[in-house]
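Asks:
2 protein chains.
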Amino acid sequence: MVLDSFDRIAVLGLGLIGGSIVQALARGGYRVTGYDPNPVEVAAARGTGYTVAGSAAGAVTGADLVVLAMPLPQLDGALASIAGALGPRTVITDVGTLKAPVLRAVRTRLPRARFVGGHPLAGTEQSGFLAGDPMLFRDAPWALVLEPDTDLPAWLSLAVLLCDLGAKPVPTTAAEQDAAIARVIGLPHMLAEALALAGLHGGELGLSLAAGSYTAGSRVARTRPELVTTWCDGNPALIDALDDAIGLLAASRDALAAGGSVRELAEAGHRARMEWENREFGPVDLAADPQALLQHGRDGGWITAVIEKDGPDLASLRLLGMRPVR
Amino acid sequence: MVLDSFDRIAVLGLGLIGGSIVQALARGGYRVTGYDPNPVEVAAARGTGYTVAGSAAGAVTGADLVVLAMPLPQLDGALASIAGALGPRTVITDVGTLKAPVLRAVRTRLPRARFVGGHPLAGTEQSGFLAGDPMLFRDAPWALVLEPDTDLPAWLSLAVLLCDLGAKPVPTTAAEQDAAIARVIGLPHMLAEALALAGLHGGELGLSLAAGSYTAGSRVARTRPELVTTWCDGNPALIDALDDAIGLLAASRDALAAGGSVRELAEAGHRARMEWENREFGPVDLAADPQALLQHGRDGGWITAVIEKDGPDLASLRLLGMRPVR
Numbered sequence: 001m002v003l004d005s006f007d008r009i010a011v012l013g014l015g016l017i018g019g020s021i022v023q024a025l026a027r028g029g030y031r032v033t034g035y036d037p038n039p040v041e042v043a044a045a046r047g048t049g050y051t052v053a054g055s056a057a058g059a060v061t062g063a064d065l066v067v068l069a070m071p072l073p074q075l076d077g078a079l080a081s082i083a084g085a086l087g088p089r090t091v092i093t094d095v096g097t098l099k100a101p102v103l104r105a106v107r108t109r110l111p112r113a114r115f116v117g118g119h120p121l122a123g124t125e126q127s128g129f130l131a132g133d134p135m136l137f138r139d140a141p142w143a144l145v146l147e148p149d150t151d152l153p154a155w156l157s158l159a160v161l162l163c164d165l166g167a168k169p170v171p172t173t174a175a176e177q178d179a180a181i182a183r184v185i186g187l188p189h190m191l192a193e194a195l196a197l198a199g200l201h202g203g204e205l206g207l208s209l210a211a212g213s214y215t216a217g218s219r220v221a222r223t224r225p226e227l228v229t230t231w232c233d234g235n236p237a238l239i240d241a242l243d244d245a246i247g248l249l250a251a252s253r254d255a256l257a258a259g260g261s262v263r264e265l266a267e268a269g270h271r272a273r274m275e276w277e278n279r280e281f282g283p284v285d286l287a288a289d290p291q292a293l294l295q296h297g298r299d300g301g302w303i304t305a306v307i308e309k310d311g312p313d314l315a316s317l318r319l320l321g322m323r324p325v326r
Numbered sequence: 327m328v329l330d331s332f333d334r335i336a337v338l339g340l341g342l343i344g345g346s347i348v349q350a351l352a353r354g355g356y357r358v359t360g361y362d363p364n365p366v367e368v369a370a371a372r373g374t375g376y377t378v379a380g381s382a383a384g385a386v387t388g389a390d391l392v393v394l395a396m397p398l399p400q401l402d403g404a405l406a407s408i409a410g411a412l413g414p415r416t417v418i419t420d421v422g423t424l425k426a427p428v429l430r431a432v433r434t435r436l437p438r439a440r441f442v443g444g445h446p447l448a449g450t451e452q453s454g455f456l457a458g459d460p461m462l463f464r465d466a467p468w469a470l471v472l473e474p475d476t477d478l479p480a481w482l483s484l485a486v487l488l489c490d491l492g493a494k495p496v497p498t499t500a501a502e503q504d505a506a507i508a509r510v511i512g513l514p515h516m517l518a519e520a521l522a523l524a525g526l527h528g529g530e531l532g533l534s535l536a537a538g539s540y541t542a543g544s545r546v547a548r549t550r551p552e553l554v555t556t557w558c559d560g561n562p563a564l565i566d567a568l569d570d571a572i573g574l575l576a577a578s579r580d581a582l583a584a585g586g587s588v589r590e591l592a593e594a595g596h597r598a599r600m601e602w603e604n605r606e607f608g609p610v611d612l613a614a615d616p617q618a619l620l621q622h623g624r625d626g627g628w629i630t631a632v633i634e635k636d637g638p639d640l641a642s643l644r645l646l647g648m649r650p651v652r
């Protein structure tokens with residue numbers, strides 16, 4: 001078989017995402033060992049019947065897949081602590097929001113590792129292992145980074161695993177995923193923060209009159225600020241996304257100041273939202289070819305299955321996907 | 327008794343808001359007659375057992391309260407058509423989002439009318455009489471405009487009626503309510519439109535990765551654009567609100583461009599949202615005095631009851647309210 005089978009998986013970081021991955025993998029029949037430096041998460045995981053190692057190096061020893069699920073500031077230290085315990089064929093992945101910083105850190109610390117960056121588009125406003133949910137990734141997009149130096153069998157093996165968890169693996173480069181994330185995670189958080197604050201600037205009367213649109217628009221300002229900065233800082237594409245949004249708002253502002261209407265933005269925004277909501281998808285056959293896969297991701301597609309036939313190489317694989325149809 | 331009792335109420339416009347008012351009033355035991363130029367809404371109201379007149383003038387004849395619940399562009403025509411049918415003591419109110427334009431139209435068309443502008447902060451994404459809900463106004467703020475020339479007994483009588491419907495009457499001037507609305511209705515809609523559009527500008531990949539924050543942030547871009555323009559156009563305070571939001575976003579943009587962090591906005595926005603969510607309220611006694619009532623609204627308060635005792639004038643009234651406590 002050309003693909004890795006991931007008989008032993010280590011998950012480092014047992015918060016909401018790592019904890020959910022442990023629970024989903026265990027439910028899927030995978031042999032999984034967790035680790036977290038926080039004794040609270042360790043106790044929560046052990047107390048609910050999961051295996052937790054005493055150290056990061058202990059968790060990854062003998063593992064054929066390592067999932068890095070710690071906060072970004074702890075990533076570099078974790079890479080250092082596991083470097084000596086990794087096998088030569090061990091596949092490493094992560095779950096961070098921005099893919100370029102992680103790619104840089106791994107290339108520096110573990111230049112020969114079979115690393116594939118990942119980003120599950122799932123989460124809740126809660127945190128911690130006990131908030132974890134083995135169904136969290138069901139139907140969730142999961143960006144899976146395919147760079148020129150990415151090991152393709154490792155990438156495909158991970159795609160199989162993600163499909164097993166019910167997720168939708170989306171092939172993309174680190175730069176393209178970060179540019180997309182700037183617009184659908186960074187920008188919505190910035191707009192929600194600005195709305196929450198500009199609403200408050202209007203005084204108590206406005207806060208008492210605030211109804212559905214203020215509530216919905218500022219909802220993600222409930223997110224802890226240290227997470228928001230992790231998702232935004234150091235992403236150059238967010239500058240472009242902010243410029244785009246500021247330009248749209250400034251045009252409406254100038255129209256109002258000239259006695260005109262916000263109609264142009266209202267109509268274009270409405271059309272954009274409805275177009276997004278009403279997208280329809282159809283099945284497609286794919287080749288195990290990096291350029292074809294990346295184009296599929298660019299077109300809004302994802303992988304639904306990797307079918308392994310008896311054959312010695314990647315050409316014997318059949319990939320199925322879904323993509324938007326017009 | 328110093329207050330109007332509203333024995334016969336006419337509601338002009340039988341869409342979602344007008345229809346809900348008709349249904350709430352009927353359930354509250356009020357005698358209510360509706361009117362709508364659209365035969366679909368007339369049939370819906372009659373078919374579910376409500377009284378509908380054959381013309382606007384017919385509906386208001388003999389009414390001691392008229393509720394204008396038609397779209398703003400139809401308001402002026404409606405005022406012209408009912409002018410001759412109003413009694414000398416008839417109280418008129420409306421339900422429009424912006425209060426200054428309505429006030430101007432009424433002062434021009436019906437300069438001697440006992441008019442009190444109103445704005446229920448309630449609604450759904452649906453429309454039409456059949457989408458109406460007699461419970462729509464339960465716990466909903468309802469701005470009730472108190473200008474220097476407002477008839478105070480008419481204002482207080484309406485406050486009693488709104489409390490009867492389960493709503494929270496908020497005393498405010500037209501200018502102050504429009505300034506507040508700019509920040510909690512106009513601005514959230516502009517930001518949602520900009521987000522929907524800037525997300526689309528990122529291409530199909532971003533739309534496939536769009537998750538909770540994009541969904542929540544662009545939700546109100548589902549609103550029909552012609553409604554959004556009605557809520558935004560001609561409101562000078564929206565220019566200030568947009569300037570405020572643009573300034574906050576531009577500061578974050580510049581921080582990112584300088585290699586810095588969005589932390590300042592993330593922290594301030596988070597604090598603002600949590601402060602709004604965690605407001606607590608306590609009871610207060612109020613006098614039937616316009617300045618005291620307006621200050622109460624400015625402080626984030628509303629009316630919960632108007633208690634009428636045996637007495638010849640407003641001084642015999644006892645008003646109860648709720649307001650934020652620190």
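Quick note, the sequences are listed as chains A and B, same order.
Numbering of the first sequence is given in the working numbering, commencing with residue 1 and proceeding in unit increments.
Numbering of the second sequence is given in the working numbering, commencing with residue 327 and proceeding in unit increments.
Note that beta-carbon positions come from the ideal geometry of N, C-alpha and C, so glycine has one too.
Taking DSSP as the reference, what is the three-state secondary structure of Arg545/B?
Replies: Looking at Arg545/B - three-state DSSP - the assignment turns out to be helix.
Asks: Using 7 Å as the limit for Cβ to Cβ distance, is Pro73/A near chain B?
Replies: No, because no Cβ of chain B sits closer than 7 Å to the Cβ of Pro73/A.
Asks: Between which two residues does the alpha helix (DSSP H) carrying Thr556/B extend?
Replies: It spans 551-558 - the alpha helix (DSSP H) in which Thr556/B sits, taken as one unbroken run.
Asks: List in chain order: all unbroken alpha helix (DSSP H) runs of 4+ residues lying wholly within the stretch 478-531 of chain B.
Replies: As far as the stretch 478-531 of chain B is concerned, its whole alpha helix (DSSP H) runs of at least 4 residues are 478-490, 500-507, 513-526.
Asks: Check each candidate in Ser157/A, Glu280/A, Glu267/A and name the one with the smallest Cα separation from Glu552/B.
Replies: The option with the nearest alpha carbon to Glu552/B is Glu267/A.
Asks: Within 10 angstroms of its Cβ, does Glu41/A collect 16 or more other Cβ (buried), or is it exposed?
Replies: Result: buried.
Asks: How big is the Cα-Cα spacing for Ala379/B and Gly354/B?
Replies: If I take the Cα positions, the gap works out to 20 Å.
Asks: Using the rule of at least 16 other Cβ atoms within 10 Å of the residue's Cβ for burial, across every protein chain shown, is Asn604/B buried or exposed?
Replies: Exposed, since its Cβ has fewer than 16 Cβ neighbours within 10 Å.
Asks: So which of Asn364/B, Thr549/B, Gly532/B, Gly492/B has the shortest CA-CA distance to Ala631/B?
Replies: Answer by Cα proximity: Gly492/B.
Asks: To the nearest angstrom, report how far apart Lys425/B and Val471/B are at their CA atoms.
Replies: Each residue's alpha carbon lies about 8 Å from the other.
Asks: Across the stretch 385-399 of chain B and the stretch 453-470 of chain B, are there enough close Cβ pairs to call them in contact, namely three or more that are closer than 8 Å?
Replies: Result no; under three Cβ-Cβ pairs closer than 8 Å.
Asks: Could you work out which residues of chain B lie near Thr93/A, taking near to mean beta carbons separated by less than 9 Å?
Replies: In chain order: nothing, as chain B lies at least about 17 Å away.
Asks: Please check the pair Asp4/A and Val91/A, which I expect to be a contact at CB under 8 Å, by giving their CB distance rounded to whole angstroms.
Replies: Asp4/A to Val91/A, Cβ: 6 Å. Contact.
Asks: Please confirm if the stretch 316-326 of chain A is in contact with the stretch 342-354 of chain B, defined as three or more CB-CB distances below 8 Å between the two stretches.
Replies: Segments in contact, no.
Asks: Could you spell out where the beta strand (DSSP E) holding Glu147/A opens and where it closes?
Replies: From DSSP, Glu147/A is part of no beta strand (DSSP E); its letter is neither H nor E.
Asks: Here's a check: name, in chain order, each residue in its chain whose Cβ is nearer than 7 Å to the Cβ of Asp151/A, leaving out the five neighbours to either side.
Replies: Cβ within range, chain order: Arg114.
Asks: In or out: Ala518/B buried (at least 16 other Cβ within 10 Å) or exposed?
Replies: Its Cβ being crowded by 16 or more others within 10 Å, Ala518/B is buried.
Asks: Just to confirm, is the Cβ distance from Asp269/A to Ala567/B under 7 Å?
Replies: It should be pointed out that residue 269/A corresponds to Gly in this sequence rather than to Asp. No, these two residues do not count as a Cβ contact at 7 Å.
Asks: From the DSSP output, in three-state form, read off Phe455/B for me.
Replies: In this structure, Phe455/B counts as helix in the three-state DSSP scheme.
Asks: Considering only C-alpha positions, which residue in the set Phe455/B, Val554/B, Val421/B is nearest to Pro697/B?
Replies: Past the boundaries of the shown model lies residue 697/B; chain B is included only from 327 to 652, so the question cannot be answered.
Asks: Using the Cα positions of Ala584/B and Leu591/B, report the straight-line distance between them to the nearest angstrom.
Replies: About 15 Å.
Asks: Applying a beta-carbon distance threshold of less than 8 Å, which residues of chain B neighbour Thr229/A?
Replies: Those within 8 Å of Thr229/A in chain B are Ser587, Val588, Arg589, Ala592.
Asks: Three-state secondary structure (DSSP) at Arg648/B?
Replies: A small correction: the amino acid at residue 648/B is Met; Arg does not occupy that position in the sequence shown. Here Met648/B sits in strand by DSSP.
Asks: Which residues in the same chain as Gly186/A place their Cβ atom closer than 7 Å to its Cβ, once the five residues preceding and following it in sequence are excluded?
Replies: So the qualifying residues of the chain are Trp231, Cys232, Asn235, Leu238, Ala241.
Asks: Sort Arg298/A, Trp276/A, Leu14/A by Cα distance to Pro134/A and report the nearest one.
Replies: Per the Cα distances, Leu14/A.
Asks: Go through its chain and collect everything with a Cβ distance to Pro609/B's Cβ below 8 Å, but skip five positions before and after it.
Replies: Cβ within range, chain order: Thr630, Leu646, Gly647, Met648.
Asks: Using 8 Å as the threshold, is the stretch 528-546 of chain B in touch with the stretch 293-303 of chain A, meaning 3 or more CB pairs across them?
Replies: At 8 Å Cβ cutoff, the stretches touch.
Asks: For Tyr361/B and Ala385/B, which I take to be in contact (beta-carbon distance under 8 Å), what is that distance rounded to the nearest angstrom?
Replies: Contact holds; Cβ gap of about 4 Å.
Asks: Assign Val67/A to one of three DSSP states: helix, strand, or coil.
Replies: In the structure shown, Val67/A sits in a strand (DSSP, three-state: E or B).
Asks: Look up Tyr361/B in the DSSP assignment and give the residues it is bridged to.
Replies: Partner(s): Leu338/B.
Asks: Counting only Cβ pairs nearer than 7 Å, list the residues of chain B close to Gly297/A.
Replies: Result: Leu531.
Asks: Check the Cβ-Cβ distances between Glu308/A and every residue of chain B, and say whether any is below 7 Å.
Replies: Taking Cβ atoms only, chain B never reaches closer than 7 Å to Glu308/A, which makes this a no.
Asks: Does DSSP classify Asp330/B as helix, strand or coil?
Replies: The answer is coil: DSSP assigns Asp330/B none of H, G, I, E or B.
Asks: Taking Cβ-Cβ distances shorter than 8 Å, what residues in chain A pair up with Ile565/B?
Replies: Near Ile565/B (Cβ distances below 8 Å), the residues of chain A are Arg253, Leu256, Ala257.
Asks: Return helix, strand or coil for Thr51/A, following the three-state DSSP convention.
Replies: DSSP places Thr51/A in strand when its eight states are reduced to three.
Asks: For Ala10/A, which residues from the same chain have a beta carbon less than 6 Å from its beta carbon, with the 5 sequence-adjacent residues on both sides left out?
Replies: Thr33, Ala59, Val60, Ala63, Val66.
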